[in-house]
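Next up, the structure:
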């Protein structure tokens, strides 16, 4: 498989760089590259202690990170909603979060599928099927990104999930009323 074009653009525009043992992606805050198992096992371990509190914490952290990213995207990448859809799809693939297909994208509602969904697939491989969706981080980082970009509060609901036995994950984002 070829390197995604967005990855090349980020490298050549110095938006993705390594410096003094750190890596940066469109921000001054260093990031880390971790195996997917770290994220899956961390979420599962937190949920085993207190499921409801774990979901709140994961969702809050993801939303805040997404919100900050959405503000950066608007300043640095695109100011159009259509541009945000395109960029977020490409960035999801570059980051290894899965392949997004947008089914609906308006100023008040966004529906997208994720297939493959690496997080949900790995969750099933390690722990088996679940009765509920597990992609709290991905769905809430998306809600945060759309919130930061538009200035409106978006909420996420994962309605289908590979971990539940669905063929793909599906997330609905809506402006909070």
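In the working numbering, the protein residues as written are 409 to 585. Built from N, CA and C at the ideal position, the CB exists for glycine as well.
Where residue 584 and residue 541 are concerned, what is the direct C-alpha to C-alpha distance, given to the nearest angstrom? Here the question's residue 584 lines up with position 176 in the chain shown. Here the question's residue 541 lines up with position 133 in the chain shown. Looking at the two C-alpha atoms, the distance is approximately 21 Å.
Would you mind reading off the limits of the beta strand (DSSP E) that contains residue 522? Stepping through the chain shown from its first residue, residue 522 is reached at position 114. Unbroken beta strand (DSSP E) run through residue 522: 517-522.
DSSP three-state assignment for residue 436, whether helix, strand or coil: Counting from 1 along the chain shown, the entry for residue 436 is found at position 28. Coil, per DSSP.
Can you check DSSP and say which residues form a bridge with residue 529? Residue numbering aside, residue 529 sits at position 121 when the chain shown is read from its first letter. Paired residues: none, contrary to the question.
Three or more C-beta pairs below 8 Å linking the stretch 546-561 and the stretch 482-499: yes
Since residue 503 and residue 551 are thought to touch, with beta carbons under 8 Å apart, how far apart are those beta carbons, to the nearest angstrom? Translated into positions along the chain shown, residue 503 becomes position 95. Translated into positions along the chain shown, residue 551 becomes position 143. Between residue 551 and residue 503 the Cβ distance is about 17 Å, and since that is not below 8 Å, they are no contact.
Residue 570 beta carbon less than 9 Å from that of residue 528: Translated into the one-based positions of the chain shown, residue 528 becomes position 120. Translated into the one-based positions of the chain shown, residue 570 becomes position 162. Yes. Within cutoff.
Residue 461 - containing alpha helix (DSSP H), residue span: If you number the chain shown from 1, residue 461 lands on position 53. Its alpha helix (DSSP H) spans residues 444-484.
On the three-state DSSP scale, how would you describe residue 581? Residue 581 sits at position 173 when you count from the first residue of the chain shown. Strand, per DSSP.
Residue 552 in three-state terms, based on DSSP: As a working note, residue 552 is residue 144 in the chain shown. Here residue 552 sits in helix by DSSP.
Three-state class that DSSP yields for residue 509 in the structure shown: The count along the chain shown starts at 1 and reaches residue 509 at position 101. Residue state, collapsed to three classes: strand.
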